[in-house]
Each structure stands twice: as C-alpha cells, then as structure tokens.
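Enquirer: Under this note's numbering, the first residue of the sequence shown carries the number 1, and numbering increases by one thereafter. In this text, a Cβ means the ideal position worked out from N, Cα and C, and glycines have one as well. It should be emphasised that the depicted structure is a prediction, and the values quoted were computed from it without experimental measurement. Quick one: the structure is below, questions incoming.
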Amino acid sequence: MAIKKSKIAIGFIVAGIMTLIFGIISVSMGPAVMRDQIIKNTVIDPQNELSYTMWKDLPVPFFMSVYFFDVLNPQEILKGEKPMVEERGPYVYRKQCRKENITFHPNGTVSYKEYRRYFFERSMSVGNESDVVTIPNMLVLGAAVMLENMPYALRLLISATFKGFKEGPFLTKTVGELMWGYDSKLVEFLNKYVPGMLPSTGKFGLFVEFNNSNTGLFTVHTGKDDIKNVHKVDSWNGLRELTYWRTPQCNMINGTAGQLWPPFMTKESTLRFYSPDACRSLELVYKQSGSMKGIPSYRFVAPKTMFANGTDYAPNEGFCPCRQSGLLNVSACHHNSPTFISQPHFINGDPALQDFVLGLHPNEDKHDLFIDIHPLTGVPLNVSIRLQLNLYMKRVPGFTETGKISEVVMPMLWFAESGYIDGPVLTTFHTNLVILPAVMEYMQYIFIALGLVTIVVASLVHYKVKTSPKLYVISTVTEKLGKKDCKNDTVPSRSTSTSTEEQTPLLQDNTNQKTHR
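This is the structure:
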C-alpha cells in the first residue's frame, strides 16, 4: 500500500513539473506567438479575410461634417471693416470609400485607386442642403489676387467681365450648390476661352472634385518583406516625391495613405501619412493613452509646429511663401488660387489670425484633430481629422469688386472627417485582441501556480510515505484487528474465562500473606 501511494505521489510530482514547464514556456513564448499572429494578420493579403476587408472597403461608418462661416457684413467688409462671421452647421455627409484596380506586384507592393462618394445625412445635420449662406466669391476675389501683377488695363478688362456675368465679391448660395457645384456663365466662359484655369470643366463648387472621384494612384507596401513598412506609401501617381515645394524634405512622401499604420507602435512613434488634399505629408505626435470600449489606445494629435511658418519653425521654410504661423499655403497645388489650409478657427495659429475676423471661437476639444490608434496592430479606433479652408483676399487696384477690403485670410468653412470602429467589427476586434490575449495570459500563470501547488503537495505526501512506512503498516493491521474484535463482542471467549479463574487464587494468596504479616 505504501509503495502504491509513493508511486502515485511521484506521478503527481512529474505532472506538476510538466505543468510548470508548460506555464513557463507559455510565458516566455506567448508574446512571440502573439507577435507572429499579428504580423500574419496585418500583412495586406486577400487570405487575411478580416484585415484585408478592413483595408479594402473600410467597413466602419465614416462621416464628413461641414461647417460654413456665414458672412454677416459683406458690405462693411468692402468698406474696410473687419469681417464678421457666424458658424453654420454641421451639414453631415456619410462617406463611402472603396478601392478599385487593386494590383499586387512582385516587389511586395500593391497599387490601387480609392474612390469616394458622399451622401447627405439629414438626421445628423442641423439644417438642410437648401439652407442659404454667404461666403467670399473665390472666382472673383481669388482671381483678383492671382492677377494683381498683370497690366492695369487687363485688370480693368477682367473686372468688367466679372460685371458682365454679374459676379460679385460675395456669393449667396445654398449649401448644396456651394458644396457640389452651381451653374455659372463665367465658368463656362473661362473653360471655353481660358482652358485649364479652373479645376473642373462643369459646375463650380468647393467639393466638386471630391464626390465620385479618386485620390490618385497609390502604391503601398504589403508588409510581406518587412512588417515595419506595411501600408507605407511607395509612390503616388508614379511619384516618390512631390514637386510643389521648395525643399527636398518638404517634397517627401512619408508614411501611409492615412487609413492604417504598421503594428507595434510605442509612445515615441509618430503617425506619418500623405494627404493628396493637403498636397503634403503630415505627422502627428503622441499625446496620451486611453481606451475605447476596453481596447487600449494611443491618442496622436497635431504638433503646434505642423502649420508653423518658416520663421517660427525652420523645417517648414520649404512650404513658403508663408504668412502667419498656423497657415499652409496650398496655392501651388490648387491652380495658384490664394487658398490656405489651417486648423478650425485658427487654433494653434498666430493670435493675429483670430483678431482679423470677428465671430471665431477656437476650442481645443472641438477643433483639434486626433487619431486614437490601437498600438499593437496600428488600426485606428477613433478618428477626427479637422481642417479649415481659407481665402486670402485684399484690395487689388483695377478690380473694383475688391473695394477697400483689408488684407485678411478669410475663413470659408471647416470640416471634420471622422469615424470609429463599431458593431460586428468592434466585437471581432475586441474578442481577438483583448479577450483572447487576456485569457492566454491568465492561463499561463494558472498553469505555473497549479504546477507549483501540485509539486509541493505531492512531494509532502511522498516524504511522509518514505520516512514512516511502519506507521502505515501498523495502522492497517490495527484496522483489521479492530474489525475482527467487533465481530466477536457477543460470544464469550474460553481463554479469557480460564485466565480470569487462574488469576483469582493468586489474588487470594497475596491477601492472606499480607494478613499474616
């Protein structure tokens, strides 16, 4: 019996050691296994069903919210007074993106064109597309600045042309017309006699080039050769660098296409991406850690230097000619139109920009852009890219439409492109990247604890068996005898009676001897 218990104890010790070893191996190898799985599922590959679908079709809701700066005092502006504006909106559009012409190349890259469409969401908007707002007329005031160095007589002739087509310095149109285009006889005239001057050959609108269009031919790395390069842009429209700016650094095409990033990010990482609409690469920096519905995230925001001028931040000198910090001159890539991009309400810009216009109320929570990203996979969880479109306008001699306008960078509208993971995609993401890794981690330590407990208990049992084997034997014999005695309690024993009889005379003899003495 003792030998049997000893063997059982040894068996448990071996099992405990194996369990402990398995737990230790899991702890040491678990992160490597998880890393390999992330790499495998992050590579752009049609066989990776979830990640490839997310990359190809963006299966999460994405919206563009547009806010117009309605001009309240157009006549006073022509007299040289400060512009006064009132923010109108948001007018919300659901954005639909899809990649087409997807072509994989032998060098580990893939090319595609991404098409985008916008659909008005009345339930999410504060008004309708039929709402009327007043903004500066880019065709008139923009042309005046573009042509200010032309001969004076030619400027007078062009000004007369504007009057002939009844084009004034300000436009009062519906939101839908300003967004997606309106019929203009001046546009028809310019397209006929000055082809190429305007970006479109049909209607003129601020977002007419956005709807039913693509962002150009992107070629990005699939990550098969090096996961650190996954999603990074190899070329755009066949170019590996731009030609808009004055320095090689500013012309570089850096980062991804702005939808997904390489995995294994740290707080020292930056989010770089190329934006065709901004005509340059942008870079966001880490701000804080957080979580979204249980999924850990890093928040990246725009640094104060993103749109700083060359005087305040030397590396941005190549984006000049510059004005105040907080503005990006995009005229070079927008048909030389004097347009500038900034953050909404000139947040993070030179305070003078806000002083030149009445009715601006910058707020970091409402107007700063951010991207919340899952650092382990490089997948954005919550995104809000907020930018403002501005027109530089001033008085130009020969163009009577400019009146006595003071030199000002006039905000026209700002928009936020935002989206977040939700629904089935969020559930799948949460299960695969939060629950399962947590279960695996807990199981590792459970195996270690179980192995240690089993080894300790089994060792104690084995020690007792080896050091006191007789105790177990005696106990066993005693138990058997005890059982036999119980069976014979009701039957008198002959030997016992005889023994008693023999003892009685002896007791009597002892008593007599004591009395005699």
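Where do the N-terminal and C-terminal ends of the beta strand (DSSP E) with Leu271 fall, by residue?
Expert: Leu271 -> beta strand (DSSP E) spans Thr270 to Ser275.
Enquirer: With DSSP as the reference, label Ser495 as helix, strand or coil.
Expert: Confidence in Ser495 is poor, its pLDDT being 42 and thus under 50, which makes the residue's placement too unreliable to answer from.
Enquirer: Looking at C-beta atoms only, is the number of pairs between the region 109 to 118 and the region 207 to 215 that lie closer than 8 Å three or more?
Expert: Result yes; three or more Cβ-Cβ pairs closer than 8 Å.
Enquirer: Candidates Pro375, Gln75, Ser406 and Glu417: which alpha carbon is nearest Asp368's?
Expert: Nearest option by C-alpha distance: Glu417.
Enquirer: Take the Cβ of Met18 as the centre, count every other Cβ of all protein chains shown within 10 Å, and call the residue buried at 16 or more, exposed below.
Expert: Met18 should be labelled exposed.
Enquirer: Around the Cβ of Met440, are there at least 16 other Cβ atoms within 10 angstroms (buried) or fewer (exposed)?
Expert: Per the 10 Å Cβ criterion, exposed.
Enquirer: Label Pro106 either buried or exposed according to how many other C-beta atoms from any shown protein chain fall within 10 Å of its C-beta, with 16 as the threshold for buried.
Expert: Pro106 is exposed by the Cβ-count criterion.
Enquirer: Count the other CB atoms, across all protein chains shown, that sit within 10 Å of the CB of Pro338; report buried if there are 16 or more and exposed otherwise.
Expert: Buried, because 16 or more other Cβ atoms sit within 10 Å of the Cβ of Pro338.
Enquirer: Exposed or buried, which one is Pro46 when buried takes at least 16 other CB atoms within 10 Å?
Expert: Exposed, since its Cβ has fewer than 16 Cβ neighbours within 10 Å.
Enquirer: Closest to Ser331 by CA distance: which of Ser325, Cys320 and Gln324 is it?
Expert: Closest by alpha carbon: Cys320.
Enquirer: Within 10 angstroms of the Cβ of Phe346, are there 16 or more other Cβ atoms? Answer buried if so, exposed if not.
Expert: Buried, because 16 or more other Cβ atoms sit within 10 Å of the Cβ of Phe346.
Enquirer: Taking a contact to mean a Cβ-Cβ separation below 8 Å, would you say Ser111 touches Phe218 in this structure?
Expert: Yes, Cβ-Cβ distance for Ser111 and Phe218 is below 8 Å.
Enquirer: Exposed or buried, Ser65, counting other C-beta atoms within 10 Å across all chains shown (16 or more means buried)?
Expert: Ser65 should be labelled buried.
Enquirer: With distances taken from CA atoms, which of Ser297, Leu327, Gly294 and Tyr298 is nearest Lys304?
Expert: Looking at the Cα atoms, Leu327 is the closest of the given residues.
Enquirer: Which residues in the same chain have their Cβ closer than 6 Å to the Cβ of Tyr91, if we skip the five residues on either side of it in sequence?
Expert: Result list for Tyr91: Val66, Ser125 and Val175, in chain order.
Enquirer: On a CA-only basis, which of Ala153, Thr134 and Ser275 is nearest Met179? Give me that one, please.
Expert: For the residues Ala153, Thr134 and Ser275, the minimum Cα distance to Met179 belongs to Thr134.
Enquirer: Would the region 418 to 427 count as touching the region 155 to 170 if we require 3 or more Cβ pairs under 8 Å?
Expert: The region 418 to 427, when compared against the region 155 to 170, does not touch it at the 8 Å Cβ threshold.
Enquirer: If I'm right that Leu389 touches Ile341 with Cβ under 8 Å, what's the distance once you round it to whole angstroms?
Expert: Yes, Leu389 and Ile341 are in contact; Cβ-Cβ is about 7 Å, under 8 Å.
Enquirer: Only counting the same chain, and skipping five residues up and downstream in sequence, which positions put a Cβ closer than 6 Å to that of Gly11?
Expert: Nothing listed; no residue qualifies.
Enquirer: Smallest Cα separation from Val132: which of Ser184, Phe170 and Arg299?
Expert: Comparing Cα positions, the closest option is Phe170.
Enquirer: Quick one: measure Cβ to Cβ for Trp245 and Tyr274, integer angstroms, because I've assumed they're closer than 8 Å.
Expert: No, Trp245 and Tyr274 are not in contact; Cβ-Cβ is about 13 Å, not under 8 Å.
Enquirer: List, from N- to C-terminal side, the beta strand (DSSP E) runs of 3 residues or more that fit wholly inside the region 107 to 166.
Expert: Listed in chain order, the complete beta strand (DSSP E) runs (minimum 3 residues) inside the region 107 to 166 are 109 to 120 and 132 to 136.
Enquirer: Do three or more CB pairs link the region 85 to 100 to the region 145 to 156 at distances below 8 Å?
Expert: Because the criterion of three Cβ pairs below 8 Å is not met, the region 85 to 100 and the region 145 to 156 do not touch.
Enquirer: Name the one or two DSSP bridge partners that Asp70 has.
Expert: Partner(s): Glu86.
Enquirer: Alpha carbon to alpha carbon, how far is Leu531 from Ser459?
Expert: Outside the displayed range of the chain (1 to 517) lies residue 531, so it cannot be described from this structure.
Enquirer: What does the alpha-carbon distance come out to for the pair Lys267 and Tyr286?
Expert: Spanning the two alpha carbons is a distance of roughly 6 Å.
Enquirer: Which residue from Gly349, Leu260 and Phe22 puts its Cα closest to that of Leu58?
Expert: Among Gly349, Leu260 and Phe22, the Cα nearest to that of Leu58 is on Leu260.
Enquirer: Just how far apart, CA to CA, sit Arg299 and Thr431?
Expert: If you take the alpha carbons of Arg299 and Thr431, they lie about 22 Å apart.
Enquirer: List the whole-angstrom C-beta distance separating Pro378 from Pro263, where the pair is believed to meet the contact cut-off of C-beta under 8 Å.
Expert: It is worth fixing the name first, because residue 378 is Gly in this sequence and not Pro. With a Cβ gap of about 5 Å, Gly378 and Pro263 count as contacting.
Enquirer: Return helix, strand or coil for Glu81, following the three-state DSSP convention.
Expert: It is coil, neither helix nor strand.
Enquirer: Quick one, are the C-beta atoms of Lys82 and Gly403 less than 8 Å apart?
Expert: No; because the gap between Cβ atoms is not below 8 Å, this pair is not in contact.
Enquirer: From Gly398 to Leu141, what distance separates their C-alpha atoms?
Expert: One C-alpha to the other measures close to 12 Å.
Enquirer: Rounding to the nearest angstrom, what Cα-Cα distance links Phe541 and Val71 in this structure?
Expert: With the chain covering only 1 through 517, there is no way to say anything about residue 541.
Enquirer: Report, in whole angstroms, the separation of the C-beta atoms of Ile448 and Ile13, which I expect to be a contact under 8 Å.
Expert: About 16 Å separates the two Cβ atoms, so there is no contact after all.
Enquirer: Under the DSSP definition of a beta bridge, which residues are partnered with Pro411?
Expert: BP columns for Pro411 point to Asn390.
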